[in-house]
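Residue numbers (my numbering), protein chains in the order written: chain S, 519 to 860; chain G, 519 to 860; chain A, 519 to 860; chain W, 519 to 860. In this text, a Cβ means the ideal position worked out from N, Cα and C, and glycines have one as well.
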């Protein structure tokens with residue numbers, strides 16, 4: 519039976535991307551769209567690309583008939599998200615796409631986001647949404663915390679290497695390139711076309727990006743000891759997409775083997791032949807993640823390159839994947855579309 | 519029962535786009551891929567974005583078991599296409615994406631393409647593939663000629679106006695903006711990134727673009743008298759997409775009404791409210807076409823803006839739509855994906 | 519002797535472009551930079567590309583020692599500009615880059631900009647800054663009104679044709695493509711990178727763009743009768759640049775001759791051989807304007823294509839050109855840099 | 519007295535960039551342009567952006583009156599360059615922009631470029647053209663070898679750190695992002711707009727990029743022991759520009775100090791305040807190089823970010839800077855133009 523889905527925060531890019539994915543999902547239909555600042559508008563006024571869909575108008579989230587829904591995607595900004603979710607029925611299935619429930623320790627949350635968490639009990643309940651590593655818990659979860667898009671990329675590349683013990687845990691460097699939509703639809707000078715064309719801009723340099731909270735938490739867990747990586751994101755002139763290059767110390771063959779083993783049966787994560795690397799556009803608008811491994815000319819050094827679409831596999835695609843599990847559907851339902859190229 | 523599909527010319531952009539669309543088509547599967555210059559390669563070596571699909575390797579078209587196929591998409595360059603199709607079984611269903619069978623009159627073909635047509639009998643047999651206007655003939659056709667991508671855009675905008683007699687037939691101007699993929703994957707200096715970023719380049723100025731052959735043929739047919747429009751395409755810094763702006767003489771209300779009437783039941787062509795215009799990206803990677811109408815400040819002048827994705831609705835999406843009809847499937851099957859935005 | 523220059527509104531793109539041009543101007547130096555919202559900052563904090571210049575810090579304009587200046591570039595938003603200029607000394611030479619003094623008739627100003635003009639006497643005094651057509655008056659002017667960037671482009675293309683009587687005055691259509699910087703550095707959703715990549719967006723469709731006020735005023739003046747053109751601008755994915763395509767009724771040879779005669783001795787406006795058209799990038803970051811003329815296949819129809827850099831020849835380059843004249847310098851001083859290509 | 523300049527290989531991007539820079543150089547004039555494949559064409563047919571310059575037509579290099587020239591820029595592909603330069607008069611001053619004379623050891627040349635060097639005596643004579651480090655030798659040189667554009671970027675960032683001993687020589691990682699023009703004007707599929715928009719592509723991964731020959735040679739020389747860095751370039755969707763991110767082990771304060779000391783009197787290399795990083799576009803089309811230093815959250819780890827324009831400071835700007843020295847002119851003559859932003 520078709521599942522009734524609500525999207526709270528439907529006027530942002532990740533909310534709209536959930537709607538795009540559900541458009542061809544055979545077992546989901548959108549029953550409610552909420553966006554408090556744009557309440558009263560038709561969705562196609564905010565996102566004309568969804569014009570052909572028969573979508574409900576945008577309403578304040580308080581006006582949604584939550585009891586009629588099977589699951590809600592919550593695509594609000596962090597801090598707002600925890601405040602809203604705390605008011606939702608405690609039996610409503612929720613996939614949260616914000617940063618609010620990613621970190622397990624309230625102290626970590628405060629360290630990276632600055633404020634005390636308003637819903638620590640929910641934080642404890644939430645399951646971390648990196649599907650390929652938390653699949654079993656997600657199936658039974660009520661509240662799943664979608665990962666950061668950068669955090670997802672780095673974890674797909676590095677987590678199996680850390681767990682397998684094939685790289686030096688103290689010498690992990692991740693240089694990441696990301697398109698503008700990672701920063702959302704808010705109008706900021708840095709994101710203007712006139713600023714970004716023909717440009718490349720490092721930001722949060724020196725280890726201040728909030729997704730490091732996720733890396734630290736998850737990598738330390740995987741390693742059984744504290745792991746801190748070096749991480750530098752760069753804005754590049756693109757709308758979508760993340761391509762990350764990791765510099766690690768370990769033998770390329772062992773690294774490639776660890777990744778290939780980890781993902782050999784995964785439908786969405788693909789490891790290329792040893793010596794090949796992906797490019798960012800080859801996963802565009804899809805739920806795929808491609809990973810390549812190349813040995814450096816210097817023995818014992820290896821380069822790992824990973825790519826995914828920040829709005830799809832990095833957030834809304836992952837959210838649908840998790841929702842499929844939470845609703846008892848096949849995990850890949852509605853998500854096997856091919857990337858858009860060129 | 520799933521239809522077995524072959525793609526001849528699978529190494530070009532329109533061939534690859536056919537494969538992308540079939541990836542999620544419930545009633546088609548790819549049984550053969552041909553690309554003579556790249557025969558022997560795996561499809562994911564030529565197009566890594568199709569890595570997750572279980573595709574046959576590329577072979578010379580002569581090696582395909584044509585008897586096992588229900589339909590072939592032929593995505594070869596013009597002139598090559600007529601030579602190959604002339605050698606295919608005469609009972610094989612074919613959607614040709616080249617320019618070879620678009621013009622009915624061999625003299626017109628020679629005028630616009632320079633060479634004598636090598637398969638005039640097939641030219642006579644072919645049905646012009648603008649689905650919304652040739653639907654009934656396409657259903658029964660064996661050979662369908664996909665339209666030019668620019669030609670499709672202009673016809674969706676103007677054909678109903680010409681047929682309805684609501685515009686001056688001698689005063690039609692079409693200014694079109696198109697991304698680079700319209701010119702295919704061939705390496706030309708004009709198409710280099712270093713040439714195209716921050717650029718806009720008019721080409722075929724003065725009425726020399728070959729798609730004018732289609733405009734002349736179809737508009738004259740619709741009008742019942744010769745119609746020659748003015749048409750200027752411009753390359754803009756984008757991969758995909760066409761946005762065209764038409765300047766016509768006629769009353770905006772009547773023009774809007776004629777378009778709205780024409781497309782009111784069409785699943786893929788959407789007419790916006792009078793006074794609104796589409797932007798190019800809102801149909802990206804989809805089979806949608808959006809059209810807007812605005813009255814100029816000068817009485818009796820109207821601006822019509824239309825947009826579609828040159829690789830999807832402008833060629834491969836149209837091809838799948840026509841193939842659906844030819845195979846007795848529902849016309850929209852596999853084509854209701856939402857556009858990718860942003 | 520080096521002229522002392524002030525820039526009021528130095529934190530916007532046109533203000534920064536004035537600074538860039540003065541960097542290599544042998545007879546000008548920047549003595550003061552004002553930007554009230556960013557007062558107290560160093561210019562290289564707002565525009566790191568000017569780091570190597572020895573520039574004064576940003577101050578509120580009220581703190582500038584105006585008596586020490588030979589000329590001021592006023593690069594404020596319209597409405598603010600008239601309020602500030604009304605408070606400046608009446609013997610200070612000013613090139614205003616806003617829209618505030620472009621229209622001679624206060625009623626026209628109100629019609630296009632919505633508010634009553636706060637300084638009608640200054641409006642009467644101001645000389646319209648299209649250098650090639652108002653050179654003699656600019657030399658003696660105290661206050662020069664820089665033109666709109668779109669308005670400059672269209673006038674370079676069409677003004678000589680209107681004056682020469684070689685085109686039908688009632689059948690002029692101008693389709694214009696422009697990069698994002700034409701809208702300034704203000705953070706608007708429409709201008710975000712995620713919105714603009716792979717996009718093309720018509721705006722102010724139907725004759726509502728404010729630069730039509732300038733077109734109407736200047737073309738009617740040139741024709742000796744009212745002239746109203748049709749004008750549609752389109753945002754394309756670029757930072758800088760304008761390329762406009764005009765559709766006119768007249769004989770291409772006569773049109774080309776009129777343009778060639780007009781500009782034969784002009785250092786900045788170049789007419790290509792008949793049958794050739796320019797591309798947008800070939801004038802990038804320069805004070806050049808290139809114009810091409812092509813006959814349409816239909817007798818009596820002609821396409822004219824013109825291009826310039828909206829921030830250079832379309833505003834700040836024009837401003838420096840005018841300032842040169844007002845200060846008794848050679849008109850081309852500091853402006854003969856070659857365009858940046860690719 | 520104005521110096522007479524020839525450009526051999528004027529149809530490539532670096533040749534055209536030399537012409538652009540000379541356009542406003544007060545002490546140089548272009549006396550000859552050679553491009554054998556396009557001989558007989560006017561330069562503005564090949565590069566319309568140079569239309570306003572009064573340039574000689576393109577001729578085969580053999581037809582140039584070399585005796586009338588003060589200096590030649592040789593902008594040919596590697597291998598061709600050594601063959602041509604070997605035929606030029608032995609007293610002609612030459613700045614070579616190819617890779618042919620960058621490596622001092624013929625064995626290194628063969629290792630990285632595959633062929634035996636055809637002019638080993640000239641190789642021995644050539645001075646490496648990284649101006650800020652070889653200034654004294656360049657002044658007296660007859661033949662200067664322009665550096666690789668990537669090689670220049672990395673050396674400006676790292677060379678002072680290696681020389682000062684403030685970083686671990688065995689732990690240097692350089693992740694570089696570069697626009698398409700670095701690969702020249704040759705039409706390759708990889709460089710097509712349809713391939714590069716919305717993309718990021720690592721290449722020469724694992725230590726196979728030829729500029730590593732320069733890094734190895736120069737860094738080992740600076741260190742007094744062999745130094746091999748890890749280097750991965752990435753194509754990003756831009757025409758021009760390089761931004762590189764270096765991950766080094768050393769104390770940020772010491773690193774910043776070493777850079778600040780090295781470049782404190784340099785007109786073209788600017789070190790930002792500790793903790794700040796540059797973006798790629800802030801040096802566009804200029805001869806500037808900006809470098810920033812940030813301490814990582816992990817003690818003893820530092821990130822260094824450097825940027826320059828590959829066609830200007832990375833090749834043709836550097837070439838003019840070197841030519842200034844070779845001709846007895848002031849080193850900065852004609853090169854103090856501000857970057858183009860936005």
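Indicate whether residue 773/W and residue 680/W have their beta-carbon atoms separated by less than 8 Å. In the fourth chain, residue 773/W corresponds to position 255, counting from 1. In the fourth chain, residue 680/W corresponds to position 162, counting from 1. Taking C-beta atoms as the reference points, residue 773/W and residue 680/W fail to come closer than 8 Å.
Provide the residue(s) that pair with residue 560/S in DSSP beta bridges, ordered along the chain. As a working note, residue 560/S is residue 42 in the first chain. None, per the DSSP bridge assignment.
Apply the 10 Å Cβ neighbour rule to residue 742/S and answer buried if 16 or more other Cβ atoms are within range, or exposed otherwise. Within the first chain, residue 742/S is the residue found at index 224, counting from 1. Around the beta-carbon of residue 742/S, fewer than 16 other beta-carbon atoms lie within 10 Å, marking it exposed.
Considering only the alpha carbon of each residue, which of 687/S, 814/S, 745/S and 698/S lies closest to residue 746/W? Here residue 746/W is taken as the residue at index 228 of the fourth chain, counted from 1. That would be 814/S, whose Cα lies nearest to the Cα of residue 746/W.
Within the 8 Å Cβ cut-off, does residue 732/A reach chain S? Counted from its first residue, the third chain places residue 732/A at position 214. Chain S contact via Cβ: absent.
Rounded straight-line distance, which links the Cα of residue 583/A to that of residue 706/S: Reading the first chain from its first residue, position 188 is the one you call residue 706/S. Reading the third chain from its first residue, position 65 is the one you call residue 583/A. About 34 Å.
Check whether the stretch 796-803 of chain W and the stretch 817-836 of chain W touch, using three or more Cβ-Cβ pairs below 8 Å as the test. By the Cβ criterion, the stretch 796-803 of chain W is in contact with the stretch 817-836 of chain W, since at least three pairs of Cβ atoms, one from each stretch, lie closer than 8 Å.
Please look up how many angstroms separate the CB atoms of residue 823/S and residue 857/S, rounded, as I've assumed it's under 8 Å. Numbered from its first residue, the first chain carries residue 823/S at position 305. Numbered from its first residue, the first chain carries residue 857/S at position 339. Wrong, their Cβ atoms sit about 16 Å apart, outside the cutoff.
How about residue 806/G: is its C-beta nearer than 8 Å to some C-beta of chain S? Here residue 806/G refers to the residue found at position 288 of the second chain. Closer than 8 Å to some Cβ of chain S, the Cβ of residue 806/G qualifies, so yes.
Where the beta strand (DSSP E) through residue 547/S begins and ends: Indexing the first chain from 1 puts residue 547/S at position 29. Its beta strand (DSSP E) spans residues 546-552.
Of all the residues that make up the stretch 741-766 of chain W, which are near chain G by a beta-carbon distance shorter than 8 Å? Residues are counted here when their Cβ sits less than 8 Å from a Cβ of chain G; for the stretch 741-766 of chain W these are 755, 756, 757 and 758, given in chain order.
Which runs of the beta strand (DSSP E) spanning at least 3 residues fall entirely within the stretch 625-686 of chain G, listed in chain order? Within the stretch 625-686 of chain G, the complete beta strand (DSSP E) runs of at least 3 residues are 661-663.
Short of 9 Å Cβ to Cβ, which residues in the stretch 812-841 of chain W face chain S? Of all residues in the stretch 812-841 of chain W, 812, 813, 814, 815, 816, 819, 820, 821, 823 and 825 have a Cβ within less than 9 Å of some Cβ in chain S.
Nearest by alpha-carbon distance to residue 595/W: which of 526/W, 520/W and 837/W is it? For the purposes of this step, residue 595/W is taken as the residue at position 77 of the fourth chain. Minimum Cα distance to residue 595/W is reached at 526/W.
Please list the partners that residue 699/W has in chain G, where partner means a Cβ-to-Cβ separation under 7 Å. The residue given as residue 699/W occupies position 181 in the fourth chain. Within chain G, the residues near residue 699/W are 712.
Output, in chain order, the set of chain G residues within a Cβ distance shorter than 9 Å of residue 538/S. Taking the first residue of the first chain as position 1, residue 538/S is located at position 20. Residues of chain G with a Cβ closer than 9 Å to the Cβ of residue 538/S are, in chain order, 855, 856, 857, 858 and 859.
Please name the residue in 694/G, 629/G, 519/G and 838/G whose C-alpha comes closest to that of residue 764/G. Start at 1 with the first residue of the second chain, and residue 764/G comes out as number 246. It is 694/G whose Cα lies nearest to the Cα of residue 764/G.
Counting only beta-carbon separations shorter than 8 Å, does residue 535/W have a partner in chain G? Numbered from 1 along the fourth chain, position 17 holds the residue referred to as residue 535/W. Chain G contact via Cβ: absent.
Can you tell me whether DSSP reads residue 792/A as helix, strand or coil? Against the third chain, residue 792/A aligns to sequence position 274. Coil.
For a quick check, are the C-beta atoms of residue 603/W and residue 637/W less than 8 Å apart? Residue numbering aside, residue 603/W sits at position 85 when the fourth chain is read from its first letter. Residue numbering aside, residue 637/W sits at position 119 when the fourth chain is read from its first letter. Yes, the pair counts as a contact, with Cβ atoms nearer than the cut-off.
Contact criterion: CB-CB distance below 8 Å. Does residue 706/G meet it with respect to chain W? To locate residue 706/G, count along the second chain from 1; it is residue 188. So, interface residue.
List the residues of chain W that residue 532/G touches, going by C-beta distances under 8 Å, in chain order. Within the second chain, numbered from 1, the residue matching residue 532/G stands at position 14. Here the premise fails: no neighbours, minimum Cβ distance about 12 Å.
Best match in 570/W, 555/W, 575/W and 550/W for proximity to residue 561/W [C-alpha to C-alpha]: Position 43 of the fourth chain holds residue 561/W. It is 575/W whose Cα lies nearest to the Cα of residue 561/W.
How many Å lie between residue 859/S and residue 535/G at the Cα? One-based indexing of the first chain puts residue 859/S at position 341. One-based indexing of the second chain puts residue 535/G at position 17. Rounded to whole angstroms, the gap between the alpha carbons of residue 859/S and residue 535/G is 8 Å.
With distances taken Cα to Cα, identify the nearest neighbour of residue 717/W among 696/S, 533/S and 683/S. The count along the fourth chain starts at 1 and reaches residue 717/W at position 199. Nearest in C-alpha terms to residue 717/W, of all of 696/S, 533/S and 683/S, is 696/S.
Which ranges does the beta strand (DSSP E) cover as unbroken runs of at least 3 residues, wholly within the stretch 567-623 of chain S, from first to last along the chain? Listed in chain order, they are 589-592 and 612-614.
Provide the residue span of the beta strand (DSSP E) that contains residue 819/A, from first to last. The count along the third chain starts at 1 and reaches residue 819/A at position 301. Element bounds for residue 819/A: 819-826.
Between 667/A, 665/A, 768/A and 794/A, which has its C-alpha nearest residue 690/A's C-alpha? Translated into the one-based positions of the third chain, residue 690/A becomes position 172. Residue 768/A holds the alpha-carbon nearest to the alpha-carbon of residue 690/A among 667/A, 665/A, 768/A and 794/A.
Residue 698/A to residue 713/A span [Cα, whole Å]: For the purposes of this step, residue 698/A is taken as the residue at position 180 of the third chain. For the purposes of this step, residue 713/A is taken as the residue at position 195 of the third chain. The alpha-carbon atoms of residue 698/A and residue 713/A are separated by roughly 11 Å.
How many angstroms separate the CA atom of residue 730/G from the CA atom of residue 700/S? For this step, residue 730/G is matched to residue 212 along the second chain. For this step, residue 700/S is matched to residue 182 along the first chain. For residue 730/G and residue 700/S, the distance between alpha carbons rounds to 42 Å.
Does residue 799/G come out as helix, strand or coil in the three-state DSSP assignment? Here the question's residue 799/G lines up with position 281 in the second chain. If DSSP states are grouped into helix, strand and coil, residue 799/G belongs with the helices.
Confirm, please, whether the CB-CB distance from residue 664/A to residue 613/A is below 8 Å. In the third chain, counting from the first residue as 1, residue 613/A sits at position 95. In the third chain, counting from the first residue as 1, residue 664/A sits at position 146. One thing to note: residue 613/A has its Cβ within 8 Å of the Cβ of residue 664/A.
Cβ closer than 8 Å: which chain G residues qualify as neighbours of residue 461/S? Lying before the first or after the last residue shown, residue 461/S is absent from chain S, which here runs from 519 to 860.
Verify whether the separation of the beta carbon atoms of residue 569/S and residue 843/S is less than 8 Å. By one-based count along the first chain, residue 569/S stands at place 51. By one-based count along the first chain, residue 843/S stands at place 325. No, these two residues do not count as a Cβ contact at 8 Å.
Proximal residues of chain G, C-beta to C-beta of residue 541/S below 8 Å: The residue you call residue 541/S lines up with position 23 of the first chain. Those are 854, 855 and 856, listed as they occur along chain G.
Specify, as a first and last residue, the run of the alpha helix (DSSP H) that residue 838/S falls within. Here residue 838/S refers to the residue found at position 320 of the first chain. 835-844 is the extent of the alpha helix (DSSP H) around residue 838/S.
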